[in-house]
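Some notes on the structure that comes next.
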Amino acid sequence: MKTVAIYSSKGGVGKTATAVNLAYAASVSGQRTLLCDMDSQGAASYYFRIKAKKKFNSDKLLDGDIARNIRGTDFSGLDLLPAHFSFRNLDLALNELSKKKRRQALAKLFAPFAEEYDILFLDCPPNLTLLSENIIEAADILVCPVVPTTLSLIALEQLLKLFKKLNADRNKIIAFFSMVERRKSMHLATMDKYSKYPLFLKTFIPYLAEIEKMGILRQPVGATARQSPAARQYEKLWQEVLQRGEPV
Amino acid sequence: MIEQIPSSIFFVDADFDVAAIALRLDGDYAVSEEEVDRGEEEFLDTFEWGLYWSGLALARRGRRYRLFSADGVVLGEGKGPRRKRPFWWDFPDGPIRDGITAGADIRALCPKLRMSRVRRSFHLLNVDEKTVLRLWLDHVVVGGDNQGPVEQTQLRLAAIRGYEHEYQAVRRLLQAEGLGQLVDGMHFLDPVFAGAGITVESVGSKTVVILERDISMGDGLRQVGLAVLGDIRRNLPGTIEDIDTEFLHDLRISLRRTRSLLTLFCKVFPEIHCNHYRSEFRWITQTTGKVRDSDVYLLKEGEYRSMLPASLHSGLDGFVRGMRAYRSREFRAMKKQLTSPRLARLLKDWQHFLENLPQPAEVAGRDLLCRNFAAKAVRKRFRKILAEGEKLGPDSPDTMLHALRIEAKKLRYLLEFFHSLFPAEDVILLVKHLKKLQNNLGDYNDLSVQQEMLGTFRSPVRVEDPKQVLVIAAALGGLVVRLADRQRQVRGEFDSTFADFSGDESRELVQRITRPAEDDHFSAGEGGRQ
Ligand SMILES: Nc1ncnc2c1ncn2[C@@H]1O[C@H](COP(=O)(O)OP(=O)(O)OP(=O)(O)O)[C@@H](O)[C@H]1O
Ligand SMILES: [Mg+2]
Chain A
0 MKTVAIYSSK GGVGKTATAV NLAYAASVSG QRTLLCDMDS QGAASYYFRI
50 KAKKKFNSDK LLDGDIARNI RGTDFSGLDL LPAHFSFRNL DLALNELSKK
100 KRRQALAKLF APFAEEYDIL FLDCPPNLTL LSENIIEAAD ILVCPVVPTT
150 LSLIALEQLL KLFKKLNADR NKIIAFFSMV ERRKSMHLAT MDKYSKYPLF
200 LKTFIPYLAE IEKMGILRQP VGATARQSPA ARQYEKLWQE VLQRGEPV
Chain B
0 MIEQIPSSIF FVDADFDVAA IALRLDGDYA VSEEEVDRGE EEFLDTFEWG
50 LYWSGLALAR RGRRYRLFSA DGVVLGEGKG PRRKRPFWWD FPDGPIRDGI
100 TAGADIRALC PKLRMSRVRR SFHLLNVDEK TVLRLWLDHV VVGGDNQGPV
150 EQTQLRLAAI RGYEHEYQAV RRLLQAEGLG QLVDGMHFLD PVFAGAGITV
200 ESVGSKTVVI LERDISMGDG LRQVGLAVLG DIRRNLPGTI EDIDTEFLHD
250 LRISLRRTRS LLTLFCKVFP EIHCNHYRSE FRWITQTTGK VRDSDVYLLK
300 EGEYRSMLPA SLHSGLDGFV RGMRAYRSRE FRAMKKQLTS PRLARLLKDW
350 QHFLENLPQP AEVAGRDLLC RNFAAKAVRK RFRKILAEGE KLGPDSPDTM
400 LHALRIEAKK LRYLLEFFHS LFPAEDVILL VKHLKKLQNN LGDYNDLSVQ
450 QEMLGTFRSP VRVEDPKQVL VIAAALGGLV VRLADRQRQV RGEFDSTFAD
500 FSGDESRELV QRITRPAEDD HFSAGEGGRQ
């Protein structure tokens, strides 16, 4: 099982849109896929119309009571662990664990699913906390959407710093440009300047009405129209992520 | 741990209303119809229903194949081979190929059942319009046996992980309606087969004969003979059509068993003229030998390849091409004999002969109970094996091993013919021991036949390039060396294999198996009654 976290400390950069559509692309290509909604806002769960069971919460999650809270999406080969409101306290809960367990907690939780799934996606909340450290530990690949603006790049720099502090493998980080608007000269200039860094993938995701509409249609773009530009772009992105993450 | 997704199948009327399910559930639900799929479908299986018995079903429509598990779940789907009767190795890599390999083995997958099918797919949606249960309504029409077309409708439910509650609710609803259900362990095609009058035979290559405990010798021999004749007849068409190599293999087994039985007949009924049948069955067995031999080499292609360095692989290819050409020539010759009036007459006469065997009363003074007769034969054969095996030393000639192999085979046949008259567990154990001995002797023999054949093989295809001739010779030479090594090893294992077989355990088993019926308090009466 390969663990792919979609992460940025900045909000609204397209993390959830990426997690949902990459997970869908992975399952369509035959990979048994589990998407974990780690964000208490539950946006990914919302896109799949899935609510957590009443008895589920962050304590259950940390106790490893995960298997029976996983739910099947409408798409074969794609399951989801829905978010719960209580996930907002995950940080506090992690903090209460002993120092030794603290940073590995998440990685341990998902280890039992290694046989059942080929790919595990984590849709992460926008912050830089103990939970982020856990995610970095657990992930084989950290996919960071970057809107080609200065603010968004700062978030990426923060992440690189955190990696240094944790002494983690920087090669795990894969960045790509998200919500790209060709009309905006600032977007083009930023991309021009940064795309030469190997950290960035060639594929980027443009700003598309189709992706915005996911909020109304509540399904991955590929499920609405397999051959739409947005769906094809996410498929391309997934292929490139896989290629890049190959020698893990 | 991998979660099992529950599913179930209900038998419903053709006009079953799936949408109505939503209305009768507590809570806010709706049923949406997703798609309708209609077409002619063909189910494939091996001659002996290898897929069915491994809990599978393989369907195809044109070149699109679909593999199902026994409970109707689709395990794999995709494009497959065009040929009418494909083998597992004709399929591209994927779940279908992986799924059928063990069940199909080296047998061809033949069309067994054609049906036209309408499959409607439905989703049960909750308030959020999330799919919480999948349903399929399958309406099939099968050409019936003699009662005309058979129609059947099945409703299949497949739970979605995390929504088992809805699955259970719908199940309860359908059960409350009194609908019939496919029970655990049943194959989803069973009801269709039953309706269409198709019987799935459980027979392997050999029909298992169950004899009555106190059957007379004549009746027992007749029943076994007729069963083996049935095996010959069953495998003949597939051999002639050249569907797969197992038909011929099994045909040859039943021919050899017939010949072995004939030897028994000759002893029991010396007044009957057996020589005609002996020579005729020898003739037909021999006409099938060369094709079977070439099948064996062709089946070993992969094994041979792994024995040779890559540099000699092209030589092996040349050999395989030659062997194929040889086989097709020999096959034509064999087919001529198998379709000849001479064979048809032989089988007909043989059946007549068996059906009119003299009654035991007419051959007085012998063991009239089949059980006693069989026991005596087993005892004698076993003693002979012990005696011959003990004479064998490290330098004994191959002919002695060969003779022992034949004796072991005869004992095996006896145990198979009459197993139902003996204590079951003892026979199974003895056969297990015997098999080990037979494997050793069989391997030894196969290896010497292979070396002989590879050393002298002349390809019927002309090889123009003298270099190629050399490469082929080098490959065959390489194989002969490897096979000779292996053969020495097998020979070295003979002593301990034989010691195991001839030990106390086998002796006791034989004693128990062949204990005379008079000592047996379960016996219904004296051997000589009637
Ligand atoms: N490529 C895109 N084109 C158009 N709209 C997009 C695109 N990507 C995301 N959006 C929209 O932008 C909004 C924010 O996206 P998304 O929720 O994926 O970001 P996020 O990083 O997960 O946010 P948060 O940090 O709040 O979790 C959503 O309304 C989404 O539909
Ligand atoms: Mg989000």
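Here the protein sequences line up with chains A and B, keeping their order.
Each step along the first sequence adds one to the number in numbering that gives the first Met the number 0, with nothing skipped, and position 238 is 237.
Each step along the second sequence adds one to the number in numbering that gives the first Met the number 0, with nothing skipped, and position 3 is 2.
Every residue gets a Cβ at the ideal spot worked out from N, C-alpha and C, and that includes glycine.
- Residues of the stretch 27 to 54 of chain A whose Cβ lies closer than 7 Å to any Cβ of chain B, in chain order: Arg-48, Ile-49.
- Distance from the Cα of Phe-42 (chain B) is smallest, within the candidate group B:Phe-187, B:Ala-386, B:Glu-504, for B:Phe-187.
- In the DSSP assignment, His-186 (chain B) falls outside any alpha helix (DSSP H) and carries neither an H nor an E.
- At the C-beta level, Leu-236 (chain A) and Leu-61 (chain A) stay beyond 8 Å of one another.
- If only uninterrupted beta strand (DSSP E) runs of at least 3 residues are considered, those enclosed by the stretch 32 to 73 of chain A are 32 to 36.
- Distance from the CA atom of Arg-490 (chain B) to the CA atom of Asp-78 (chain A), rounded to whole angstroms, is 58 Å.
- Val-377 (chain B) is not a Cβ neighbour of Leu-337 (chain B), given a cutoff of 8 Å.
- Closer than 8 Å to the CB of Gly-221 (chain A) there is not a single CB belonging to chain B.
- Taking the CA atoms as reference points, Ser-8 (chain A) sits about 15 Å from Ala-18 (chain A).
- Taking CB atoms only, Gly-71 (chain A) has a neighbour in chain B less than 8 Å away.
- Assignment of Gln-151 (chain B) by DSSP, reduced to helix, strand and coil, places it in the strand class.
- CA-CA distance, Pro-219 (chain A) to Ala-174 (chain A), rounds to 21 Å.
- Residue side-chain check: Ala-22 (chain A) keeps its Cβ at 7 Å or more from all non-hydrogen atoms of ligand 2.
- In summary, Phe-112 (chain A) is buried, with 16 or more beta-carbon neighbours lying within 10 Å of its beta-carbon over all protein chains present.
- Residues with their Cβ less than 5 Å from any non-hydrogen atom of ligand 1, running along the chain, are A:Gly-10, A:Gly-11, A:Val-12, A:Gly-13, A:Lys-14, A:Thr-15, A:Ala-16, A:Pro-125, A:Met-178, A:Ile-204, A:Tyr-206, A:Leu-207, A:Ile-210, A:Glu-211.
- Under the 8 Å criterion on CB atoms, Asp-191 (chain A) is classed as non-interfacial with respect to chain B.
- Between the C-alpha atoms of Pro-340 (chain B) and Lys-383 (chain B) there is a straight-line separation of about 39 Å.
- Within chain A, Arg-70, Gly-71 have C-beta atoms less than 9 Å from the C-beta of Tyr-162 (chain B), given in sequence order.
- The beta-carbon of Asp-62 (chain A) is placed no less than 8 Å from the nearest beta-carbon of chain B.
- Taking Gly-477 (chain B) as the centre and dropping the five residues before and after it, the same chain places the C-beta of Leu-307, Leu-311 closer than 6 Å to its C-beta, in chain order.
- Taking 8 Å as the threshold, the shortest C-beta distance from Ile-159 (chain B) to chain A falls below it.
- DSSP places Leu-55 (chain B) within a strand segment (E or B) once states are collapsed to three.
- Beta-bridge annotation (DSSP): Gly-75 (chain B) is paired with B:Leu-66.
- DSSP, reduced to helix, strand and coil, places Leu-156 (chain B) within a strand of the structure shown.
- In the DSSP assignment, the residues bridged to Glu-32 (chain B) are B:Phe-121.
- When rounded, the separation of the alpha-carbon atoms in Asp-122 (chain A) and Val-142 (chain A) is 10 Å.
- The nearest non-hydrogen atom of ligand 2 is 7 Å or more from the C-beta of Ala-13 (chain B).
- Asp-117 (chain A) is a Cβ neighbour of Gln-30 (chain A), given a cutoff of 8 Å.
- Contact of Asp-78 (chain A) with chain B by beta-carbon distance below 7 Å involves Arg-160.
- Interface criterion not met: the Cβ of Lys-78 (chain B) is under 8 Å from no Cβ in chain A.
- Collapsing the DSSP output to three states places Cys-143 (chain A) in a strand.
- Contact annotation: Ser-293 (chain B) and Arg-326 (chain B) have beta-carbon atoms nearer than 8 Å.
- Within the same chain, Cβ atoms closer than 6 Å to the Cβ of Gly-321 (chain B) are found at Ser-458, Val-460, the five residues on either side in sequence being excluded.
- DSSP, reduced to helix, strand and coil, places Thr-198 (chain B) outside both helices and strands of the structure shown, so it counts as coil.
- Scanning B:Gln-488, B:Glu-150, B:Gly-61 for the CA closest to the CA of Glu-40 (chain B) turns up B:Gly-61.
- Approximately 6 Å separates the beta-carbon atoms of Ala-407 (chain B) and Leu-440 (chain B); this is inside 8 Å, confirming the contact.
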